[in-house]
Amino acid sequence: MEREEKLRLYIGKVANRNSTNFYDFTSSDTEKNHSSDNNSDDDFKVKEKKSKKVIASKKKLKPLITPELAVVLDRTKVSDRQATFIIGATVKSLGEDINSFACSRSTIKLHREKMRQEMANFIKESFTPNIKLTVHRDGKMMSDLTSREHVDRLPILVSGGEQEKLLSIKKLSSSTGEVHSQAVFDCLSEQEWNLSHNIVAMCFDTTSSNIVKYKGSCILLER
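Below is the structure:
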């Protein structure tokens, strides 16, 4: 009986010890996890504050492309990449900090495109003739601007009194009368130059795409 009693007490003691150890393990682990979470939250807050300070400390970059400079670059056929090197070297030679200016190739490209669009809109808005006009057109095969292929181009201009104006040099998918007439109509419409009410005559060469009886561009434009 005494042996059985000792065995029972030993089993109970071991069970209590195991349960106590298990409880201590989980509680200490929970405390560690909680402290690590607090530390990670503190680290995140510190990093967030630093990132905000860095963003706040960034200066607004100064633009470099002006309308006059954009015109010069286009007239001299300087590419966007070449313009980046030229402008960057010019800024350094003037003793300025290159990091204070927006001088990347993509930024220069966007500014040049914006200047071209603004200039085109200004030219269209400023051309408001109050006289009768003649529309001229003549399709030509020309080298493409972005490849080595030859494409069909249709220069369109108007004249009247002492005024002459080149409106567009459209790139056409084909040289048929329907394509030519649609290109001229779109160019003179309200969406582009808004000159359809000024046109009283047409000037063109006597190719089949212009003078064919039913599908010539002249016939289609008159309709």
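Using this note's numbering, the letters of the sequence shown map in sequence onto residues 6 to 228. Glycine included, each C-beta is placed from N, C-alpha and C at the ideal position.
Problem - For leucine 200, three-class secondary structure by DSSP - result: coil
Handout entry: Euclidean distance between Cα positions of glycine 166 and isoleucine 136
Key = 7 Å
Handout entry: Backbone CA spacing between arginine 158 and serine 194 [nearest angstrom]
Key = 19 Å
Handout entry: DSSP three-state assignment for phenylalanine 190, whether helix, strand or coil
Key = helix
Practice task
To the nearest angstrom, report how far apart asparagine 203 and threonine 95 are at their CA atoms.
Solution key: 48 Å
Exercise for the section: Please confirm whether tyrosine 125 and leucine 66 have their CB atoms less than 8 Å apart. Expected result: According to the sequence as given, residue 125 is alanine; it is not tyrosine. Contact flag unset, no.
Problem - Other residues of its chain near serine 148: CB distance less than 7 Å, five sequence neighbours each side excluded - result: His155
Problem - Start and end residues, alpha helix (DSSP H) containing threonine 71 - result: It is not in any alpha helix (DSSP H) - threonine 71 carries neither H nor E in the DSSP assignment.
Handout entry: isoleucine 174 burial status per 10 Å Cβ neighbour count (16 or more: buried)
Key = exposed
Practice task
Compute the distance between the beta-carbons of cysteine 208 and isoleucine 216, then report whether it is under 8 Å.
Solution key: no
Exercise for the section: With DSSP collapsed to three states, give me the class of aspartate 210. Expected result: coil
Handout entry: Local Cβ density within 10 Å of arginine 117, reported as buried at 16 or more and exposed below that
Key = buried
Handout entry: Beta-carbon gap between isoleucine 161 and valine 140 smaller than 8 Å
Key = yes
Problem - Neighbourhood of serine 214 by C-beta distance below 7 Å, restricted to the same chain and skipping five residues each side - result: Ser180, Thr181, Gly182, His185, Gly221 and Ser222
Handout entry: serine 62 - DSSP class collapsed to helix/strand/coil
Key = Residue confidence for serine 62 is low, a pLDDT of 45 falling below 50, so the modelled location carries little weight; the figure read from the coordinates is stated next. Of the three classes helix, strand and coil, the one that applies to serine 62 here is helix, per DSSP.
Problem - Nearest-angstrom Cα separation, counted from arginine 142 out to leucine 74 - result: 32 Å
Problem - Local Cβ density within 10 Å of alanine 206, reported as buried at 16 or more and exposed below that - result: exposed
Problem - Whole-angstrom C-beta distance between leucine 78 and alanine 1, which should lie under 8 Å - result: It is not possible to answer for residue 1, since the shown part of the chain is limited to 6 through 228.
Problem - Through-space distance from threonine 133 to serine 164, alpha-carbon basis - result: 13 Å
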